[in-house]
Each structure stands twice: as C-alpha cells, then as structure tokens.
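These protein sequence lines map, in sequence, to chains A and B.
For the first sequence, this note's numbering gives the first residue as 3, with consecutive numbering after it.
For the second sequence, this note's numbering gives the first residue as 3, with consecutive numbering after it.
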Amino acid sequence: MKILSKRKISRREYLKYAAAGVVVAAGAIGGYAAWQSTRKPLEKEEIIIGVLAPMATRQGSVQRDAAALAIEEINATGGILGVPIKMVVGDDKLDPDAAVSELRRLVTVENADVLTGGYSSGIMAATMEPMAELKTVFLADASSPAHPAKVAEDYEKYKYWFRITQNNGASFAFDMADMIDMLRGKGVPVDKIYIIRDEHVWADDVEKFFNPLLTERNVEVVKNVKIPRGYTEYEPLIIEAHDLGSQVILPIVALSGTGDVLAKHWATLKLPVLLAGHDLAALDLGFWEKTEGACNYYIFIADGGVVQTAPPTSVCTNFIENYTKKYGHPPEAHQGYGAYDAVYLYKMAVEEAAKAGAADPLDSDTIVKYLEKLATLESPVELTRNIAFYPPGDENKWDHDLAWGDKYVRNWISEWIDGKWYQIWPEDKANAELKLPPWFK
Amino acid sequence: MVQVALKFPIFFNFLIQWKLKMIELLMRILVYGATLSGIYALIASGFTLIFGVSRIMNFSHGAFFILGAYFGIALIHGIGLNPYLSIIISILIVGLLAAAMYKSIISPVREHEVMVIIVTLAFALIVEQVILLTFGEHGISFPSVIEGVVIVGTVLIPSMRLFVLAVAIIALIMLWTFIGKTRLGKEITAASQDAEAAMLMGLDVDRLLIVTVFISAILAALGGVLYAQVYAANPFMVLKSLIFAFAIVILGGLGSVKGSIIAAFIVGYILTAVIVLYGARWSEFVALFLIIAILVLRPSGLLGVKEQ
Chain A
3 MKILSKRKIS RREYLKYAAA GVVVAAGAIG GYAAWQSTRK PLEKEEIIIG
53 VLAPMATRQG SVQRDAAALA IEEINATGGI LGVPIKMVVG DDKLDPDAAV
103 SELRRLVTVE NADVLTGGYS SGIMAATMEP MAELKTVFLA DASSPAHPAK
153 VAEDYEKYKY WFRITQNNGA SFAFDMADMI DMLRGKGVPV DKIYIIRDEH
203 VWADDVEKFF NPLLTERNVE VVKNVKIPRG YTEYEPLIIE AHDLGSQVIL
253 PIVALSGTGD VLAKHWATLK LPVLLAGHDL AALDLGFWEK TEGACNYYIF
303 IADGGVVQTA PPTSVCTNFI ENYTKKYGHP PEAHQGYGAY DAVYLYKMAV
353 EEAAKAGAAD PLDSDTIVKY LEKLATLESP VELTRNIAFY PPGDENKWDH
403 DLAWGDKYVR NWISEWIDGK WYQIWPEDKA NAELKLPPWF K
Chain B
3 MVQVALKFPI FFNFLIQWKL KMIELLMRIL VYGATLSGIY ALIASGFTLI
53 FGVSRIMNFS HGAFFILGAY FGIALIHGIG LNPYLSIIIS ILIVGLLAAA
103 MYKSIISPVR EHEVMVIIVT LAFALIVEQV ILLTFGEHGI SFPSVIEGVV
153 IVGTVLIPSM RLFVLAVAII ALIMLWTFIG KTRLGKEITA ASQDAEAAML
203 MGLDVDRLLI VTVFISAILA ALGGVLYAQV YAANPFMVLK SLIFAFAIVI
253 LGGLGSVKGS IIAAFIVGYI LTAVIVLYGA RWSEFVALFL IIAILVLRPS
303 GLLGVKEQ
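Written as structure tokens, this is what we have:
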C-alpha cells in the first residue's frame, strides 16, 4: 500500500498544484457568475408586464399596442435574461374605481411584475395607492406634478412610481412661454391672451407655473375661461377674445375633448386672433380629416417630445416605422412612446440588476434602485426619447419624474399646415417655418 | 335729451356705447341661442311624440340623434357620397333602424315600463361603445354644406348657424303640419289622446306606433346631422343629448310637442345667455338648475298632458 502522506512534495510541485487550484477556483467562480447572469430569474416561465389604460381611447390603445410591439421585439431576441415576456391588459375606463380594481387584478390575479399605462391625472392619483400597497413598479403616463410630489413626500411608500411621459402640469407652462417668445421673435405682438382651459386639476397645475412666466413677459390675460368636459360653444368665446383685444387664444385643453370644435369655430369666424396653446385633440393624426382642414394654422405643443415628421432619435424612427408596419398607421397618441420606452427600460433595469448579482432582479425594490441608477440626469438613456428621471430629493419635488429640457424630453412647438403636422420650433430641429393664417393681420 | 347730451358728452357717449354693446350681446344670444334651441327642439319633439302616443320612455333617443351624424359621415368618407344625399340617406337609415328596434326589442316588453327604460338605455350604451370603438372618442365634423359668415350690424354669425336654424324651423313646421293636417297625423293624435278608443274606432295603433317611432327617430337624426355641422359628432352625445332631451320634455310637459319646442328654446337661450354673460363653466349647471326650479313650481311642466 502506497502511503501518499509520506511522499515529499517539492516547492515546484506545490506551486504547480496551487496555481492549478487557483485557476479551477477562478473558473468555478466565473462560471457561477456567468450562470447567475443567464439563469432565469426566480425560475419564472415568463415575465408579465401589465398595461393599465383607458382602452376605448387612442391614448389607451396606443399604450397597449406600443408595449405589445416592444414585447414582440424583445421576445424575438430572447426575452429578458432568457425569459419571455407576456402582456396583460387592464381597462381603467377613465374611471378611478375601475382603475383601482383593474390594477389589483393585474397584480394579484395576473401576477404582473411591472405596470405601464395611465392617462388621466385624477385616475393616476387613485391608482398610486394600490400600486404602493402592492409594491409594484409603475412606469406611468399622467400630467400632474402632484404625483412626483407624493414620491417626494413619502419616498418609501410611493417610490415604485416613475413618470415615463412628461410632467405636463409643469412643463407645458415652460413650453407655452417659449411659444410666446417664439411668436414675438417672429414679429407677432403677443401682449394680450385669452385662455380657454379645462376645468380640471391638471390645468390648475399648469397655471400655477404659467402665470409667473406671463408676468415676467408682461403678457396680460384678458380672460380665463374654464370649460367643462364636452363643452362645444366656442364661437361666443372666440368673438369675446377678439373683442377684448387679445392676439392669441391660448387653449390649455385635454379632457374637454372638443378641440376639434374649437378649431372649426375659429376657422369659421376667421377673426384676427391666433389659436396657439395646448390641445390634446390637435395631436390626433386624423385631426386634419376630422376637422375637415379647419385646424390649418393651429399652433400647438407637440406633447410627448416627438413630432412624427421629425423623430428625435434613431430608436424613435425605427419605432414609428415598425409600429406603422404592424398596425397600418403611425402611433396614434404620444403615450405610445412612453409605453414602448417603459418596456425597454424595464428590461434594462432587470438586466443591470442581474449583472450586478441582485438576488432577485425582478424584485420591485431592486428595480426601483436600478431605474434610478440607469436613467440619470448625467447620462440619459436614448430610447424613443432621451429618458432621465429626476432623483429622489429633487428640489422641485419632481422625484422620479421624467426630466424636462433640451437634453432630455421637451414638448416641441408644432403647427398644422396644409394637411400636415410640422415641427416649427426650436429652429435647429424644425422641419417647417411658422405660417400665420391669412386672416391674421 | 339733446341738451343733456351736450352738457354731459362723455357720459352720453358712454351710454350710447353701453347700449350698442348690450344690443350686440342680445343679438349674439338671440342668434346663437336659436341654433342650439332649434336642434334641441328637433330631438325633444321626437322624444315627446313617442311618449304621447305610446307612453314609452325611449332612452335610446340620444343614440338615434348621434347615429344620424355618424351614418352620414361614414357615407361621405366611406363611399364618397355627396353631403346632401348622405344627410337624407343617413336620416332614413336611422328611421328604419328605430322602427326595427321598436318591433324587435321594445314591442315585446312594451307593457313593462321599467323594462322599456332598461332595454332602450342598454341599446343607447351599446351604440355609444360601438361608436367609441369604431370612430374613437374625439369628435368628427360633418362636412359643411354651407360656409362663411354673415355680419348683422357688428355681430358675426356663421352662415351654418342660420342654415341649421332654418332647417330646424322648416322641419318643425312640417311636423306640425303633418300632425295637424294629414290623416295619418290625426290618427297619431287620436292614438295619443286615447289609444284604446282609437283601437275601438278601427285604427291600427301598432302601425301608428311604428310610424311615430320612425318619425321621431328621423327628427332626432336630423338634429344630430345639424349638430355635427355646427359642432362635431361625438360618442358622448348619446347620453348628453338624451339628458337634455329628457329635461326639455319634462319641462315642456310630457307628451306635448308644443311644450317641448317652447322648452327647447328656453333651455337653448338659458345656456347661451349664461355662456355670453357669466361664463362657460356655469351654463349647463344653471340650465339644469332652472329646469328643476320650474318643475318645482309647475310639476306637470309648461304644457303637460294630464294623465287620465
């Protein structure tokens, strides 16, 4: 019997075995790390993304369809960490009660890992509660600064909320101030405006930011008219705006839903007063046909940071092309860009978490951490737009809100001209010149 | 007077300016209110006509109102029909649809008032959803059959408003003539006064009901087409128009066509006056509040038909 213990090992042999051991150990660690990064998280068969939006509206259907397109593209290249994505859909019917119960269903019955969607600020306020309770990341669309303020005031509770579209409650004010500057720069004397606005909380938020900007510019608001949902009697208002000497009728309307009637009445009366502001209806690709061309010369904010005739990024160009190929028409509302980006951003966050060795890369708290690390003000992520989130503790209480600015996302100034929707400002990104209506002198 | 004017020229000038301003405001209220009132009168008179003859609360009336506009738009954009022809065809389609709906859905449950309300309301909601899914939530304009503006003094009036008012008045006169002068109209009036007696006199009340439903739907559809000319067709008008039609009919007195027309003009003018004088946000609130107030003072409405 050979007694190994009695054999003497030379220093050279010892070093050889030690080196081999180190190589084997390093290989094992590397292999384990590689296995960790490619294994299916939590051994899930599928990752579930919930889309919660008003499906009878184009703002809702575009989010569903854009998310479906992103999911299809990602699944075609192996899903997220090798796990395919499945989409589940909830219809909030523009009703807070329906929205809350649909959110609960998506998370507790359909087992959604993450949510995207939203539209109305009022409904978003309601759905943030079950979102916080169920600790589910929600990459959302809504317009009010009240949502990030909630994140700021109780970060631990509401940190799961991120806005993937812009904080229009605040950013519209800056965009419309720029619109006034642009008009003045083009020789249009804007010192009196007539505001027609939604009787809704989101428009209150816009005014809070807009009024000081108007004062700075010495612009007088000759009248501020609040209109209820479905309001249609615009002719008396347009005549009054003219009588009061305003050069611009500035709409801040979305939920009234009757911007088409406003454009029609304005074009019928042909009074020397411009129509320039924010009107969600004007962002409808079919707006020209629906208004029978009455929207010609309507100047408006291109909500969402994308004018389809001038996409801001190459990803955006591809998205518009692929969407058009799949559905037979381009994205019908700006919320589609948000939903598409949300899916990709979530994928990136999960992969970053897995790469860093997170125990559960799908865990909501982990995703929050990696979303915060991923899309920062210093290094925005280029998707259909340049996405960055304001960090927790933001001075304006815009925590987890989409960053606004030339480097990030802005609502560019657009105009309907002879049947097409053009971007007219800023000049370096514009694909058309401002065109004033012939009746405006 | 001249001496006063010479003594206080600034004050006198102010008075004249104020007077002109008031005249302009009144003109605006008069014309704009009349358009809206005319449209309301069309939808409300149809609603009350059915109730008068059959005691049916047809809650699908708002659906017929807006379907007229959507059928017309579909005919124009779908098969390129000219606007005038599409108006006529869409109105006839709605009339036939209403008659078919009466025969297939309302007639079997006619004796149960609550059931009638439920099935007609359900039909209206289905129509609203179908429109939402087909055309989306935003409004669609009916291609204008007339364009431009007319200036009366210093008041701008879109020609379309005058056209709509003229068509509505002609339609209401035709309805009035039909009911009062034709044999069929008189039979409908007889059935509305006492259906049993009319039946005993040998009148085919069921046939009269179908004709009434057809006529009332035609009136609603015409209202919808005219509405979409001035404003835009919008799926939410299914319920909004129903609420206003119902409120107007109650105000005018259930079953009274004349009362409905008067009430339509009252409501139309209240809405417009409030918009012009106080602001858009209060218009519907004030109109509906005044309707309640009038009904408290006069529960049977302005010209209500007394139940036997």
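All C-beta atoms, glycine included, are put in the ideal place defined by N, C-alpha and C.
Please read these numbers as outputs of a predicted model, since none were measured by experiment.
Legend entry - Cβ-Cβ separation, ASN413(A) to LEU305(A) (assumed contact under 8 Å), whole Å: Here residue 305(A) is Asp; the residue named in the question, Leu, does not match the sequence. The pair is a contact, with the Cβ atoms about 5 Å apart (cut-off 8 Å).
Inset, instruction - Using a Cβ-Cβ cut-off of 8 Å, state whether GLU237(A) counts as contacting chain B. - result: yes
Inset, instruction - Quick one: measure Cβ to Cβ for LEU246(A) and ILE198(A), integer angstroms, because I've assumed they're closer than 8 Å. - result: About 13 Å; that fails the 8 Å criterion.
Inset, instruction - Anything in chain A within Cβ reach of HIS140(B), meaning under 7 Å, just list it in chain order. - result: GLY259, ASP262, ALA283, ASP286 and LYS292
Legend entry - Buried or exposed (CB count within 10 angstroms, at least 16 for buried), TYR342(A): buried
Inset, instruction - Give the single residue among PRO147(A), GLY288(A), ALA78(A) and LEU347(A) whose Cα lies nearest to the Cα of ALA205(A). - result: PRO147(A)
Inset, instruction - Verify whether the separation of the beta carbon atoms of TRP441(A) and LYS272(A) is less than 8 Å. - result: yes
Inset, instruction - Count the C-beta pairs between the region 209-220 of chain A and the region 228-238 of chain A that are closer than 8 Å, then say yes if the count reaches three, no if not. - result: no
Legend entry - Inter-stretch contact at 8 Å, needing at least 3 Cβ pairs: the region 77-88 of chain B / the region 176-195 of chain B: no
Inset, instruction - For THR368(A), count neighbouring Cβ atoms within 10 angstroms of its own Cβ and tell me buried if that reaches 16, exposed if not. - result: buried
Legend entry - Under 9 Å (Cβ pairs) to chain A, residues found in the region 142-154 of chain B: ILE142, SER143, PHE144, PRO145, SER146, GLU149, GLY150 and VAL151
Legend entry - ILE426(A) in three-state terms, based on DSSP: strand
Inset, instruction - Determine which residues of the region 263-280 of chain B have a Cβ less than 9 Å from any Cβ of chain A, and write them out in chain order. - result: LEU273, THR274, ILE277 and VAL278
Legend entry - Integer Cβ distance of GLU374(A) from PHE391(A), believed to fall under 8 Å: 7 Å
Inset, instruction - Return the CA-CA distance between GLN425(A) and GLY187(A), expressed in angstroms with no decimal places. - result: 16 Å
Legend entry - Whether ALA55(A) touches GLY120(A) by CB criterion (8 Å): yes
Legend entry - Chain-ordered chain A contacts of TYR34(B) [CB-CB under 8 Å]: GLU235, GLU237 and PRO238
Legend entry - Three-state secondary structure assigned by DSSP to VAL250(A): strand
Legend entry - Strand pairing of ASN226(A), partner residues [DSSP]: ILE197(A)
Legend entry - Proximal residues to PRO98(A) (C-beta, below 7 Å), its chain only, five neighbours per side dropped: GLY124, ILE125 and ALA128
Inset, instruction - Could you name the residues of chain A that PHE238(B) contacts, counting a contact when the two beta carbons are closer than 9 Å? - result: ARG231, GLY232 and GLY259
Inset, instruction - Measuring alpha carbon to alpha carbon, tell me which of GLY150(B), VAL151(B), ILE148(B) and GLU130(B) ends up nearest GLY141(B). - result: GLU130(B)
Inset, instruction - Could you tell me whether the region 55-68 of chain B touches the region 260-269 of chain B, using the rule of 3 or more Cβ pairs below 8 Å? - result: no
Inset, instruction - Starting from the Cα of MET239(B), find the closest Cα among ALA71(B), LEU27(B) and MET24(B) and give me that residue. - result: ALA71(B)
Inset, instruction - Consult DSSP for ASN267(A) and reduce its assignment to one of helix, strand or coil. - result: Before going on, a small fix: residue 267(A) reads as His here, not Asn. Correct three-state label for HIS267(A): helix.
Inset, instruction - Return helix, strand or coil for ILE93(B), following the three-state DSSP convention. - result: helix
Legend entry - Contact set between MET228(A) and chain B, taken where Cβ atoms lie within less than 9 Å: Before going on, a small fix: residue 228(A) reads as Lys here, not Met. Ordered by position in chain B, the residues that pass the 9 Å Cβ test against LYS228(A) are GLY281, ALA282 and ARG283.
Legend entry - Where PHE16(B) falls: helix, strand or coil (DSSP): helix
Inset, instruction - Would you kindly work out how many angstroms separate the C-alpha atoms of CYS450(A) and LEU277(A), rounded to a whole number? - result: Examination of residue 450(A) is not possible in this model, given that chain A is present from 3 through 443 alone.
Inset, instruction - Determine the burial state of PRO150(A): buried for a count of at least 16 other Cβ atoms within 10 Å of its Cβ, exposed for fewer. - result: buried
Legend entry - Neighbouring residues, chain A, relative to TYR42(B) (Cβ below 7 Å): What TYR42(B) touches in chain A: nothing, since even the nearest Cβ is about 13 Å away.
Inset, instruction - Establish whether the CB of ALA234(B) and some CB of chain A are separated by less than 8 Å. - result: yes
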